[in-house]
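Student:
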Amino acid sequence: MKWEVRVSYKRGVQDPEGESTLYALKMLGFDRVKDVHTAKLFIIEGDYSREDVEKMCRRLLANPVSQDYEIRRVD
Amino acid sequence: MKLSEARVLVMRGPGTNCDAETAAAIVELGAKAEVVHVNRFIKGKRSLEEFHGLVIPGGFSFGDRIRSGAIFGKMLSYSLRRELQSFVDEGKPILGICNGFQVLIESGLLPFGEVGEPTLALAKNASARFEDRWVYLRKCNSSLFTLKLKNVSRMPVANAEGRVVLPLGEEKRMLAQLEENHQVALRYCSAEGEVAQGEYPLNPSGSYADIAGLTSPEGTILGMMPHPERAFYRYMYPDWTRGNNEAKGDGYAIFEGMLVYIVERF
Chain A
1 MKWEVRVSYK
11 RGVQDPEGES
21 TLYALKMLGF
31 DRVKDVHTAK
41 LFIIEGDYSR
51 EDVEKMCRRL
61 LANPVSQDYE
71 IRRVD
Chain B
1 MKLSEARVLV
11 MRGPGTNCDA
21 ETAAAIVELG
31 AKAEVVHVNR
41 FIKGKRSLEE
51 FHGLVIPGGF
61 SFGDRIRSGA
71 IFGKMLSYSL
81 RRELQSFVDE
91 GKPILGICNG
101 FQVLIESGLL
111 PFGEVGEPTL
121 ALAKNASARF
131 EDRWVYLRKC
141 NSSLFTLKLK
151 NVSRMPVANA
161 EGRVVLPLGE
171 EKRMLAQLEE
181 NHQVALRYCS
191 AEGEVAQGEY
201 PLNPSGSYAD
211 IAGLTSPEGT
221 ILGMMPHPER
231 AFYRYMYPDW
241 TRGNNEAKGD
251 GYAIFEGMLV
261 YIVERF
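These protein sequence lines are chains A and B, in that order.
Residue numbers are given in the working numbering: position 46 of the first sequence equals residue 46, and the series is strictly consecutive.
Residue numbers are given in the working numbering: position 208 of the second sequence equals residue 208, and the series is strictly consecutive.
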C-alpha cells in the first residue's frame, strides 16, 4: 500500500513561507495570485491501514497544535 | 552536595552542535558536565540516574527534518519515557536551549512537565528566515533558572522555528493558565524592558505574547530560544569593548541558577 500524507499549517496559523511565495509570485507579474499556502508531502509505502497512518500523523508527522494533515491512498 | 560533585548531562543527538560550549559553561562554574549521545541511554549503556541535571543543547538534531526537534523529542518520549518522567518527578532540573526547547516541546515535557503528545508548537519564524541576532529579554518569573537573572538581559537567538504557537482559539485561555502558573519565564522586550508586543526585530520570531522561554509548573524545566551559553562571558558580546566591563555575561545566571538549585536540593 502507498499513502500520501500532506501536512500544512492550520488555517489561522501564519504560514510565512506561503506569504513569501505570494510576494515573489506577484513580483514576477502573477497579479491574480490571491493566496499561497505551503505543505509538506510524505509518501509512505507499507502494509498499514488508514488508522495506522493517522497514528503516524498524530505521533510524528504533524504537531496537532499548529498543523493539519490529510491522508490519501495512492495505489 | 558540593558543587564539584554536581553531575550535569549534556545530551546530544545527531546534529546537535552546541554541546561543547554548553558543557564548558557548566564546567566553568565548577560542576561536572558530560556530553553523552542519546543512543547510549536508549541502548541501556548509560542511565539518567547518574546525573543531577540535564541540558539539551542547541543545534539541528536530525537535520531539523519533519519539524525542528520532532525526531529527537519523540525519541525521548517513546524510548526514554519512564526514565525521563522519573527524572522530572524527582525534581531534577532540565534546561532546553534553542533546539533543546523544540525537543522539550515535541516530547511533551513543556509546558506541563508530562512526557507525551505536544500541547504547544514552535513554528517557522514569521519573517520566514533564520533569525540570528542579539535580543533583549525580560525576566517574567523567578524559577530556579531565572532567580539570579537580571530583569532585562541580552542574549543571542539563532533559529528558524522559534515562534510559539498556542492551540487555535485557545490562545488567551492557555496564556492565562501559563501566567497563573508563573510559567512564562522570558519575554522579548526593548532595551528598556518594555515587552516587544510582537514588534520585529525585538520579537525576532513573531512568538505569541513575545514568549522567549517557558518553565514547567514546578519551575524545574526551562526551555528557551536564546542561547545563554553564547552570552556566558561579557567578551562574547559584540560590544564588549564598550560600556560596562563586567566579566560575566547575562547567560551566566541561567547555569548558575541551575547549579545552585542542584547543590541545595541534592
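Each residue gets a CB set at the ideal place from its N, CA and C atoms; glycine is no exception.
Which partner residues does Tyr188 (chain B) have in the DSSP bridge list?
Tutor: Start at 1 with the first residue of the second sequence, and residue 188 (chain B) comes out as number 188. Paired residue(s): B:Leu137.
Student: Would you list the one or two residues that DSSP bridges to Glu131 (chain B)?
Tutor: Numbered from 1 along the second sequence, position 131 holds the residue referred to as residue 131 (chain B). Per DSSP, B:Asn159.
Student: How would you label Lys26 (chain A), buried or exposed, when you count the other beta carbons within 10 angstroms and need 16 or more for buried?
Tutor: Start at 1 with the first residue of the first sequence, and residue 26 (chain A) comes out as number 26. The residue is exposed, with fewer than 16 neighbouring Cβ atoms inside 10 Å.
Student: Quick one: what does DSSP say Ala62 (chain A) is sitting in, helix, strand or coil?
Tutor: Position 62 of the first sequence holds residue 62 (chain A). It is coil, neither helix nor strand.
Student: Please state whether the Cβ-Cβ distance between Val165 (chain B) and Ala196 (chain B) is less than 8 angstroms.
Tutor: Residue mapping note: residue 165 (chain B) aligns to position 165 of the second sequence, counting from 1. Residue mapping note: residue 196 (chain B) aligns to position 196 of the second sequence, counting from 1. No, the Cβ-Cβ distance between Val165 (chain B) and Ala196 (chain B) is not below 8 angstroms.
Student: Give the DSSP bridge partners of Lys248 (chain B), in chain order.
Tutor: By 1-based counting over the second sequence, the position of residue 248 (chain B) is 248. Looking at the DSSP assignment, Lys248 (chain B) forms a beta bridge with B:Tyr233.
Student: Could you tell me the boundaries of the beta strand (DSSP E) in which Arg72 (chain A) lies?
Tutor: The sequence position of residue 72 (chain A) within the first sequence is 72, counting from 1. Counting along the chain, the beta strand (DSSP E) containing Arg72 (chain A) begins and ends at Gln67 to Arg73.
Student: Measure from the alpha carbon of Asp15 (chain A) to the alpha carbon of each residue in A:Leu61, A:Ser49 and A:Thr38, then state which is nearest.
Tutor: Position 15 of the first sequence, counted from the start, is the residue given in the question as residue 15 (chain A). Ranking A:Leu61, A:Ser49 and A:Thr38 by Cα distance to Asp15 (chain A) puts A:Thr38 first.
Student: Only counting runs of 3 or more residues, tell me where the beta strand (DSSP E) segments fall wholly within the stretch 25-82 of chain B, in order along the chain.
Tutor: For the stretch 25-82 of chain B, whole beta strand (DSSP E) runs of length 3 or above, ordered along the chain, are 32-37 and 53-56.
Student: Just the Cα atoms here: how many angstroms apart are Ser107 (chain B) and Phe101 (chain B)?
Tutor: Reading the second sequence from its first residue, position 107 is the one you call residue 107 (chain B). Reading the second sequence from its first residue, position 101 is the one you call residue 101 (chain B). Roughly 10 angstroms between the two C-alpha positions.
Student: Mind pulling the chain A residues with CB within less than 7 angstroms of Val115 (chain B)?
Tutor: The residue you call residue 115 (chain B) lines up with position 115 of the second sequence. By Cβ distance, chain A contributes nothing, its closest Cβ being about 13 angstroms from Val115 (chain B), past 7 angstroms.
Student: For Thr119 (chain B), return the contacting residues in chain A, with the cut-off set at a CB-CB distance below 7 angstroms.
Tutor: What you label residue 119 (chain B) is simply residue 119 of the second sequence in a count that begins at 1. Here the neighbours are Val65.
Student: Any idea what DSSP makes of Tyr208 (chain B), helix, strand or coil?
Tutor: The count along the second sequence starts at 1 and reaches residue 208 (chain B) at position 208. In this structure, Tyr208 (chain B) counts as helix in the three-state DSSP scheme.
Student: Evaluate Pro238 (chain B) with the Cβ neighbour count: other Cβ atoms within 10 Å of its Cβ, from every protein chain shown; 16 or more gives buried, anything less gives exposed.
Tutor: Position 238 of the second sequence, counted from the start, is the residue given in the question as residue 238 (chain B). The residue in question, Pro238 (chain B), is exposed, as its Cβ has fewer than 16 Cβ neighbours within 10 Å.
Student: Could you check whether Val8 (chain B) and Phe41 (chain B) sit closer than 8 angstroms to each other, using their CB atoms as the reference points?
Tutor: Your numbering for residue 41 (chain B) matches position 41 in the second sequence. Your numbering for residue 8 (chain B) matches position 8 in the second sequence. Against a cut-off of 8 angstroms, the Cβ pair of Val8 (chain B) and Phe41 (chain B) comes out as no contact.
Student: Does the CB of Arg67 (chain B) have a neighbour CB from chain A at under 8 angstroms?
Tutor: Residue numbering aside, residue 67 (chain B) sits at position 67 when the second sequence is read from its first letter. For Arg67 (chain B), the answer is yes, since a Cβ of chain A falls inside 8 angstroms of its Cβ.
Student: How big is the Cα-Cα spacing for Val74 (chain A) and Ser47 (chain B)?
Tutor: As a first step, residue 74 (chain A) must be located in the first sequence, where it is residue number 74. As a first step, residue 47 (chain B) must be located in the second sequence, where it is residue number 47. Distance between the alpha carbons of Val74 (chain A) and Ser47 (chain B) is about 44 angstroms.
Student: Rounding to the nearest angstrom, what Cα-Cα distance links Phe232 (chain B) and Lys10 (chain A) in this structure?
Tutor: The sequence position of residue 232 (chain B) within the second sequence is 232, counting from 1. The sequence position of residue 10 (chain A) within the first sequence is 10, counting from 1. If I take the Cα positions, the gap works out to 38 angstroms.
Student: Quick one: give me the first and last residue of the alpha helix (DSSP H) that Tyr23 (chain A) is part of.
Tutor: For the purposes of this step, residue 23 (chain A) is identified with residue 23 of the first sequence, where counting begins at 1. It spans Pro16 to Met27 - the alpha helix (DSSP H) in which Tyr23 (chain A) sits, taken as one unbroken run.
Student: Between the C-alpha atoms of Ile211 (chain B) and Cys189 (chain B), what's the straight-line distance to the nearest angstrom?
Tutor: Residue mapping note: residue 211 (chain B) aligns to position 211 of the second sequence, counting from 1. Residue mapping note: residue 189 (chain B) aligns to position 189 of the second sequence, counting from 1. Approximately 10 angstroms between the Cα atoms of the pair.
Student: With DSSP as the reference, label Leu222 (chain B) as helix, strand or coil.
Tutor: Locating residue 222 (chain B) in the second sequence gives position 222, where the first residue counts as 1. Strand.
Student: Taking the beta strand (DSSP E) that Lys40 (chain A) belongs to, which residues open and close that run?
Tutor: For the purposes of this step, residue 40 (chain A) is taken as residue 40 along the first sequence, with counting starting at 1. Counting along the chain, the beta strand (DSSP E) containing Lys40 (chain A) begins and ends at Ala39 to Glu45.
Student: Please identify the residue among B:Gly30, B:Ala253 and B:Glu179 whose C-alpha is closest to the C-alpha of Phe145 (chain B).
Tutor: Locating residue 145 (chain B) in the second sequence gives position 145, where the first residue counts as 1. Among B:Gly30, B:Ala253 and B:Glu179, the Cα nearest to that of Phe145 (chain B) belongs to B:Ala253.
Student: Around the C-beta of Tyr23 (chain A), are 16 or more other C-beta atoms found within 10 angstroms, so that it is buried, or is it exposed?
Tutor: Mapped onto the first sequence, residue 23 (chain A) falls at position 23. When all chains shown are included, Tyr23 (chain A) counts as exposed.
Student: In whole angstroms, what separates the C-alpha of Pro93 (chain B) from that of Leu109 (chain B)?
Tutor: In the second sequence, residue 93 (chain B) corresponds to position 93, counting from 1. In the second sequence, residue 109 (chain B) corresponds to position 109, counting from 1. Cα to Cα, Pro93 (chain B) sits roughly 12 angstroms from Leu109 (chain B).
Student: Excluding the 5 residues flanking Pro156 (chain B) on each side, which residues of the same chain have their C-beta closer than 6 angstroms to its C-beta?
Tutor: Mapped onto the second sequence, residue 156 (chain B) falls at position 156. These residues qualify, in order along the chain: Trp134, His227 and Arg230.
Student: Is Pro75 (chain B) buried or exposed, if buried means 16 or more other CB atoms sit within 10 Å of its CB?
Tutor: Translated into the one-based positions of the second sequence, residue 75 (chain B) becomes position 75. It should be noted that the sequence gives Met, not Pro, for residue 75 (chain B). Buried: at least 16 other Cβ atoms inside 10 Å.
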